[in-house]
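Q: Taken in order, these protein sequences are the chains called V and C. Just add 120 to the spot in the first sequence (first one is 1) and you have the numbering used here. Just add 9 to the spot in the second sequence (first one is 1) and you have the numbering used here. No residue lacks a Cβ here, since even glycine has one placed at the ideal position from N, Cα and C. Values in this document were obtained by computation on a predicted structure and should not be read as measured data.
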Amino acid sequence: MLRTRLQPLHPIAWWCWAGALAVAASRTTNPLLLGLLLAAVAWVVTTRRGNSPWARSFAALMRLGLIVIVIRVVVQVLFGDRVPGATWFTLPSVPLPSWAAGVTIGGPVTAQAAIGAFCQGLQIAVILACFGAANSLASSFRLLRCVPAGLYEVAVAVTVAISFTPQVVLSIARVRDARRLRGRATSGLKAWRGLAVPVLDGALERSVALAASMDARGFGRRSTSPRRRQATAAATLGGLVGLGIGLFEVLDSGSASGLGLAVVLVGGALVLGGLAAASHGSRSRYRPDRWLVAEWLVVLAGLAAVAGVVAAGSNDPNALVQPLYPLALPAGPVVALAGILAATVPSVTAPIPAPMRAKLRRAVA
Amino acid sequence: MGPAGASAARQSKDASPRCAVPAHTANDRIVVPLVADFGGVNGKVIVTCVLAKAGESGAQVLQSQAQLLGYPSPRYAESGLLCAIDGYPTSGCGTQSGGHYAYWAYWHGEKRWQYANGGPGEWKVSKGDVEGWRFEPDGSATPADPPPRAASSATALETPAGAAPTTTSSSPSGDHAAGPVGASRNSPIPFVVSVALILLIGAAALLRSRRASNRAT
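1) Are the segment 155-162 of chain C and the segment 118-137 of chain C in contact at 8 Å, needing three or more beta carbon pairs?
2) Apart from the five residues on each side of it in sequence, which residues of its chain come closer than 7 Å, Cβ to Cβ, to residue 129/V?
3) Roughly how many angstroms separate the alpha carbons of residue 304/V and residue 314/V, rounded to a whole number?
4) Touching or not, the segment 34-50 of chain C and the segment 69-78 of chain C, by the rule of three or more beta carbon pairs under 8 Å?
5) Taking 7 Å as the cut-off, is the beta-carbon of residue 362/V closer than that to any non-hydrogen atom of the ligand ATP?
6) Quick one, which residues of the segment 156-167 of chain V are near chain C if we go by CB-CB under 8 Å, in chain order?
7) I need the DSSP call for residue 142/C, collapsed to helix, strand or coil.
8) Taking the beta strand (DSSP E) that residue 136/C belongs to, which residues open and close that run?
9) Going along chain V in order, which residues have a C-beta closer than 8 Å to the C-beta of residue 206/C?
10) Is residue 472/V helix, strand or coil by DSSP?
11) Apply the 10 Å Cβ neighbour rule to residue 47/C and answer buried if 16 or more other Cβ atoms are within range, or exposed otherwise.
12) Do you know offhand how far residue 209/V's Cα is from residue 69/C's?
13) What whole-angstrom Cβ distance do residue 91/C and residue 85/C have, given they're in contact under 8 Å?
14) Shortest alpha-carbon distance to residue 424/V belongs to which of 178/V, 151/V, 335/V, 139/V?
15) Is the shortest distance between the beta-carbon of residue 187/C and the beta-carbons of chain V less than 8 Å?
16) Whose C-beta lies closer than 7 Å to the C-beta of residue 443/V among residues of the same chain, with five residues either side of it excluded?
17) What three-state label does DSSP hand residue 250/V in the structure shown?
18) Out of curiosity, what's the CA-to-CA distance linking residue 222/C and residue 456/V?
19) Specify, as a first and last residue, the run of the alpha helix (DSSP H) that residue 136/V falls within.
20) Who are the Cβ neighbours of residue 232/V in its own chain at under 6 Å, not counting the five residues just before and after it?
21) For a cutoff of 8 Å on Cβ pairs, would you count residue 203/V as touching chain C?
22) Can you list the beta strand (DSSP E) stretches of 3 or more residues lying completely in the segment 326-363 of chain V, in chain order?
23) Among 79/C, 150/C, 124/C, which has the Cα closest to the Cα of residue 108/C?
24) Using a Cβ-Cβ cut-off of 8 Å, state whether residue 217/C counts as contacting chain V.
25) Pop quiz: residue 386/V and residue 362/V are said to be a contact at Cβ under 8 Å. What is the actual Cβ separation, rounded to whole angstroms?
26) Which of the three DSSP states, helix, strand or coil, is assigned to residue 46/C?
27) Against chain C, does residue 454/V count as a neighbour if the rule is that its beta carbon must be under 8 Å from one of theirs?
28) Return the CA-CA distance between residue 185/V and residue 83/C, expressed in angstroms with no decimal places.
29) By Cβ distance below 6 Å, which residues in the same chain neighbour residue 184/C in space, the five residues on each side in sequence not counted?
30) Beta carbon of residue 225/V, beta carbon of residue 198/V: below 8 Å?
31) Consult DSSP for residue 277/V and reduce its assignment to one of helix, strand or coil.
32) Quick one: what does DSSP say residue 266/V is sitting in, helix, strand or coil?
33) Name the chain C residues whose beta carbon is nearer than 7 Å to that of residue 236/V?
34) Give the single residue among 326/V, 182/V, 397/V, 312/V whose Cα lies nearest to the Cα of residue 347/V.
35) Quick check on residue 302/V: buried or exposed, where buried means 16 or more other Cβ atoms within 10 Å of its Cβ?
36) By Cβ distance below 7 Å, which residues in the same chain neighbour residue 143/V in space, the five residues on each side in sequence not counted?
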């Protein structure tokens with residue numbers, strides 16, 4: 121089946137790709153791998169985002185990631201466990217009673233403590249950037265169309281969860297424009313104080329309004345028998361809880377993942393069964409998003425990064441962490457680097473969003 | 010292995026290891042006996058008399074012991090959790106199996122061994138302290154884990170100056186004897202290549218987004 125000219129990539133493909141990169145980032149604190157992941161994500165976002173308002177989500181979440189790194193390092197320096205190592209400087213410290221063991225105020229700050237905290241902050245920042253990339257690349261409204269009708273019971277929560285970040289980005293732009301028109305500061309600390317409340321308030325309100333309007337238009341109408349509805353709701357909810365716990369087990373590299381995988385499979389089967397039972401009957405879709413070769417390529421590119429990082433980790437677990445004792449240059453495991461580079465394939469294979477293509481043609485002419 | 014097994018091992022194998030106090034000690038130095046028990050039934054127990062300044066951290070005493078004996082420096086996790094003493098174990102950190110952890114338990118020697126409340130980075134040594142470490146291959150990470158197999162008081166651990174070695178170890182045929190582990194240096198080539206890649210891709214992305222926003226305005 122051929123792709124029509126206006127059809128963008130399936131939003132779930134972008135979310136799978138970004139999710140896979142976030143999983144890869146969660147497995148490593150090696151700043152080289154994290155840096156390359158960030159660069160790869162940024163490259164794909166700049167080459168394949170449209171000029172929709174929510175395309176700015178990536179920049180917004182990058183900024184949030186920067187704040188996370190700063191907070192992580194500052195908290196480590198001020199209150200963190202006194203990690204031993206080469207002392208950089210010593211802060212005046214306050215002695216705490218013995219029952220407060222593990223918490224300190226001030227004390228010697230070591231290179232190991234600061235660098236370790238930076239790498240952990242960077243890891244969170246890269247995961248946030250992946251989330252931002254998904255929001256920039258895929259339209260949240262198109263994604264909402266893919267939500268199965270069986271999720272009716274949690275429709276409001278699902279809608280708010282999916283559309284909140286792009287709504288925040290839209291809301292920031294709107295409130296900043298309003299402030300500029302009134303001649304108030306739009307940058308700096310003072311502006312942020314005036315921005316925060318209207319932005320969060322407006323974004324949440326719009327997300328809830330969107331959920332209400334979808335409800336009013338019959339999103340996920342109820343199936344007929346109440347007993348059947350209860351059974352499917354229980355199966356879906358139980359499956360989702362299982363999926364959550366199982367995914368935590370699988371992603372937490374410290375715990376044995378055999379059990380976690382089983383819980384994920386059982387939870388996934390329950391959710392699918394529940395959704396299938398709840399979504400019986402046909403719903404027509406206007407211009408449905410189709411899953412074609414380009415979608416598969418994007419998902420595979422994301423999985424390549426995960427496979428590369430996991431393979432490098434099973435080769436040598438030390439390759440995935442910043443060596444601290446002794447402090448040394450991080451390793452550059454070739455498998456992981458190649459896998460992450462493969463994740464940039466969508467910058468070539470994914471379809472260019474339509475308005476951007478028109479602009480390109482104009483530039484050529 | 011439970012505490013009962015540990016005490017049995019002590020009776021059969023341990024000839025009460027001690028360390029000799031160096032003959033000349035500077036005025037501002039104190040002697041801190043450090044017990045490193047490599048765990049298991051056959052693990053080594055090394056006792057070292059480390060010279061330290063009062064107020065140095067437990068981590069610094071541990072570092073001095075490694076330097077004194079020529080073993081690799083202690084290895085820590087990013088959180089500050091101690092992973093390896095004298096290069097043992099070579100990899101892993103507090104590895105969990107079932108409900109148990111393979112970890113180095115930290116003890117302070119008084120009349121008896123006391124399980125430490127904080128990490129070695131927070132503890133400050135003073136005169137008369139004894140630092141104890143025991144590798145628990147199958148530990149519970151609670152004070153119920155077995156203490157180091159050596160005397161717990163400084164007087165019982167130190168032999169007066171003049172006696173030859175500064176450290177003794179009771180080492181039955183160790184199934185995993187601690188020893189220096191060659192530090193693996195990472196080659197700088199993959200590092201340089203990947204930094205170049207990051208800069209290249211990052212700069213390309215930045216340039217492109219700049220150009221796009223210029224075109225938009």
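A: Straight from the coordinates:
1) yes
2) 414, 415, 418, 470, 471
3) 9 Å
4) yes
5) No copy of the ligand ATP occurs in the structure displayed, which carries no ligand at all.
6) 156, 158, 159, 160, 162, 163, 165, 166, 167
7) strand
8) Taken as a continuous stretch (DSSP letters only), residue 136/C belongs to no beta strand (DSSP E), as it is neither H nor E.
9) 156, 159, 457, 461
10) coil
11) buried
12) 16 Å
13) 6 Å
14) 139/V
15) Residue placement at residue 187/C is flagged as unreliable, the pLDDT there being 46, under the threshold of 50; the coordinate-derived value follows with that caveat. No, residue 187/C lies away from the interface with chain V (no Cβ there is under 8 Å from its Cβ).
16) 450
17) helix
18) 33 Å
19) 131-146
20) 203, 205, 444
21) yes
22) none
23) 150/C
24) yes
25) 6 Å
26) strand
27) yes
28) 32 Å
29) Residue confidence for residue 184/C is low, a pLDDT of 44 falling below 50, so the modelled location carries little weight and cannot support an answer.
30) yes
31) helix
32) coil
33) 87
34) 397/V
35) exposed
36) 371, 426
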